[in-house]
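Every position in the sequence shown, counted from 1, becomes a number in the numbering used here once 103 is added.
Take a look at the structure set out below.
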Amino acid sequence: LPSSSHTSSFVGGVHLKKMAVMDFFRRRKSVDNEAQHDDLKRNVEVTAHKEDLETELLQRLGVNQYTGLGSDAAKTLLTDHGPNMLTPPKQTPAWVKFLKELTGFFSLLLWGGSILCFAGYLIDRSQDHLFLGIVLVLVVVVTGIFSFVQNSKSESLMNSFKNMLPPKVKVLRDGTTDEVVAMQIVPGDIVFVEAGDLIPADIRVLECSDNFQVDNAALTGESEPQKRRPVCSHDDPLETQNLCFFGTQVPEGSCKGVVIATGDKTVMGRIAALAMSTKNEQTPINKEIHHFILVISAIAMFLGVLFFLLNILIGTPYIENLVFMIGIIVANVPEGLLATVTVCLTLTAKRMHEKKVLVKNLEGVETLGSTTCICSDKTGTLTQNIMTVAQVVYGGINSFVTEDAPSSFTGGKKTGTLT
């Protein structure tokens, strides 16, 4: 039989190997996530717009543009590619979100203060300690409810993408045209869209009316509708005129096209995946509060321990000395700061909501307030993309007359005299 030393060394070696293997897979997963994130940042690589229609694209997709896919083939493709929808992010239960609001770094400081107050009450039965402990608990709970309710009002980013999918689409299958649920269309389906429709997936234009246009404002920021026709006009898939993308609108005309990508494999799907993969960074106010709490906690603990040691030297009774130390530590806790910050940010978020600005995180309000410069790539990106009459100028008897026109931009206020 092996000795105990050999056994312990063997077990230790196995443990180290196990830890090394776990560390390897943890690093491998981190590297894979970073590689996937970098891949999403790359320019869209689509070649379907440059492929020959009859000999390459339709043959690769296995479809006849005049009869469409067969029902059996469509079912097989639906099983292979999955439903035509964007993968939703992992949802955090409401009770977990609420618990996070109650266990923030500053909230934990107040919880610690309340526990010390209750401990002081148990030691000397002082009503002051009991009341102060209850007040600290109420401050944490009430401000946590404030933050939870405000953050719950904001819809998640993925919910906005859900509205980009039309309920049903006209699809050509087995030689007949029928309406199919948009989530059930697959690559190779021949679809028909008209003015007012949403593009159900990434499609290549086969036939279209002369006035067929798409609104790519949600995708590229273009403020004007873009002309589309069945001809490859550019090597860049986002610029060519024979591609239409998932989630864009059709303001005018009609089109017959073949689906080249669905769900997460669409251009909009890549954008959604990139948005969901970004890491949350600490806001400026969060960093400041974190630093402030560390300083206050260090000062409170230092003063409490210092006076505790001094009272021991001068012979103060142990129980009285302990209660005095708890009082000093609690007195240095700014119990009103959490409520003040939460209420201020909540009121600011409500004001911004009235201006149609959606705040997803209360701390983001302070971040926006500290912004000094916003860079935009072109006109139309930050505007409402709505033509609005601001002033009306017409000829009078002796001169021109200028009248202000209430609009969504001016809110009915005067815009100045036109010169």
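Beta carbons: idealized from backbone N, C-alpha and C, even for Gly.
Bear in mind the structure is a predicted one, so any value in this text is a computation, not a measurement.
Please return the same chain residues whose Cβ sits closer than 8 angstroms to the Cβ of V134, not counting the five positions on each side in sequence. By 1-based counting over the sequence shown, the position of residue 134 is 31. The pLDDT assigned to V134 is 42, lower than 50, so where the model puts this residue is not dependable; a value taken from the coordinates is nonetheless given after this. Excluding positions up to five away in sequence, the list is empty.
For E204, is the classification buried or exposed, using 16 other Cβ atoms within 10 angstroms of its Cβ as the cut-off for buried? Indexing the sequence shown from 1 puts residue 204 at position 101. E204 is buried by the Cβ-count criterion.
Rounded to a whole number of angstroms, what is the C-alpha to C-alpha distance between I218 and G467? Counted from its first residue, the sequence shown places residue 218 at position 115. Counted from its first residue, the sequence shown places residue 467 at position 364. Each residue's alpha carbon lies about 31 angstroms from the other.
Please state whether DSSP places A197 in a helix, a strand or coil. Translated into the one-based positions of the sequence shown, residue 197 becomes position 94. Reduced to three states, the DSSP call for A197 is helix.
CA nearest to the CA of S473, picked from L213, I388, D339: Stepping through the sequence shown from its first residue, residue 473 is reached at position 370. Nearest C-alpha to S473: I388.
Can you tell me which of the three DSSP states S502 falls into? As a working note, residue 502 is residue 399 in the sequence shown. The answer is coil: DSSP assigns S502 none of H, G, I, E or B.
What are the complete alpha helix (DSSP H) segments, minimum 4 residues, inside the stretch 380–416? 387–416
CA-to-CA distance, T195 to F201, given in whole angstroms: For the purposes of this step, residue 201 is identified with residue 98 of the sequence shown, where counting begins at 1. For the purposes of this step, residue 195 is identified with residue 92 of the sequence shown, where counting begins at 1. The straight-line gap from Cα to Cα measures roughly 10 angstroms.
Please state whether DSSP places Y497 in a helix, a strand or coil. Here residue 497 refers to the residue found at position 394 of the sequence shown. In this structure, Y497 counts as strand in the three-state DSSP scheme.
Limits of the beta strand (DSSP E) - the one that K359 falls within: Position 256 of the sequence shown holds residue 359. Element bounds for K359: 357–364.
Among residues of its own chain, excluding the 5 on either side of L406, which ones have a beta-carbon nearer than 6 angstroms to its beta-carbon? In the sequence shown, the residue the question calls residue 406 occupies position 303. Contacts found: I431.
Pull up the DSSP beta-bridge partners for L476, would you. Along the sequence shown, one-based indexing puts residue 476 at 373. The sequence as given places Cys at residue 476; Leu does not occur at that position. The partner list for C476 (beta bridge, DSSP) is empty, contrary to what the question assumes.
Taking a contact to mean a Cβ-Cβ separation below 8 angstroms, would you say Q316 touches N187 in this structure? Numbered from its first residue, the sequence shown carries residue 316 at position 213. Numbered from its first residue, the sequence shown carries residue 187 at position 84. No, the Cβ-Cβ distance between Q316 and N187 is not below 8 angstroms.
Could you please give the first and the last residue of the uninterrupted alpha helix (DSSP H) stretch that includes T279? The sequence position of residue 279 within the sequence shown is 176, counting from 1. That residue, T279, is in no alpha helix (DSSP H); its beta strand (DSSP E) goes 279–284.
Rank E355, T280, F251 by C-alpha distance to the C-alpha of Y169 and give the top, closest one. For the purposes of this step, residue 169 is taken as the residue at position 66 of the sequence shown. Ranking the options by Cα distance to Y169, first place goes to T280.
Do three or more CB pairs link the stretch 299–317 to the stretch 145–162 at distances below 8 angstroms? yes
With 16 as the cutoff for other CB atoms within 10 Å, does E340 come out buried or exposed? Counted from its first residue, the sequence shown places residue 340 at position 237. Here the sequence assigns Pro to residue 340, which means Glu is not the residue at that position. Its Cβ being crowded by 16 or more others within 10 Å, P340 is buried.
Looking at the structure shown, is K273 part of a helix, part of a strand, or coil, going by DSSP? Within the sequence shown, the letter at position 170 stands for residue 273. Here K273 sits in strand by DSSP.
Any idea what DSSP makes of I288, helix, strand or coil? Reading the sequence shown from its first residue, position 185 is the one you call residue 288. Here I288 sits in coil by DSSP.
Run the CB neighbour count on C447, radius 10 Å, all protein chains shown included, and call it buried at 16 or more, exposed below. The count along the sequence shown starts at 1 and reaches residue 447 at position 344. With fewer than 16 other Cβ atoms within 10 Å, it is exposed.
To the nearest angstrom, how far is it from the Cα of M261 to the Cα of F349? Within the sequence shown, residue 261 is the residue found at index 158, counting from 1. Within the sequence shown, residue 349 is the residue found at index 246, counting from 1. Confidence is the limiting factor: at M261 the pLDDT is only 46, short of 50, which leaves the residue's position unreliable and the question unanswerable from this model.
In whole angstroms, give me the CA-to-CA distance for D227 and F209. Stepping through the sequence shown from its first residue, residue 227 is reached at position 124. Stepping through the sequence shown from its first residue, residue 209 is reached at position 106. Cα-Cα distance, rounded: 27 angstroms.
May I ask you to report which of helix, strand or coil DSSP gives L189? For the purposes of this step, residue 189 is taken as residue 86 along the sequence shown, with counting starting at 1. In this structure, L189 counts as coil in the three-state DSSP scheme.
Which residue comes first and which comes last in the beta strand (DSSP E) that contains F295? In the sequence shown, residue 295 corresponds to position 192, counting from 1. 293–297 is the extent of the beta strand (DSSP E) around F295.
Check whether T369 and N319 have beta carbons under 8 angstroms apart: Taking the first residue of the sequence shown as 1, we reach residue 369 at position 266. Taking the first residue of the sequence shown as 1, we reach residue 319 at position 216. Going by C-beta atoms, T369 is not nearer than 8 angstroms to N319.
Terminal residues of the continuous alpha helix (DSSP H) containing Q344? Here residue 344 refers to the residue found at position 241 of the sequence shown. It is not in any alpha helix (DSSP H) - Q344 carries neither H nor E in the DSSP assignment.
Compute the distance between the beta-carbons of K271 and V284, then report whether it is under 8 angstroms. The residue you call residue 271 lines up with position 168 of the sequence shown. The residue you call residue 284 lines up with position 181 of the sequence shown. Yes. Within cutoff.
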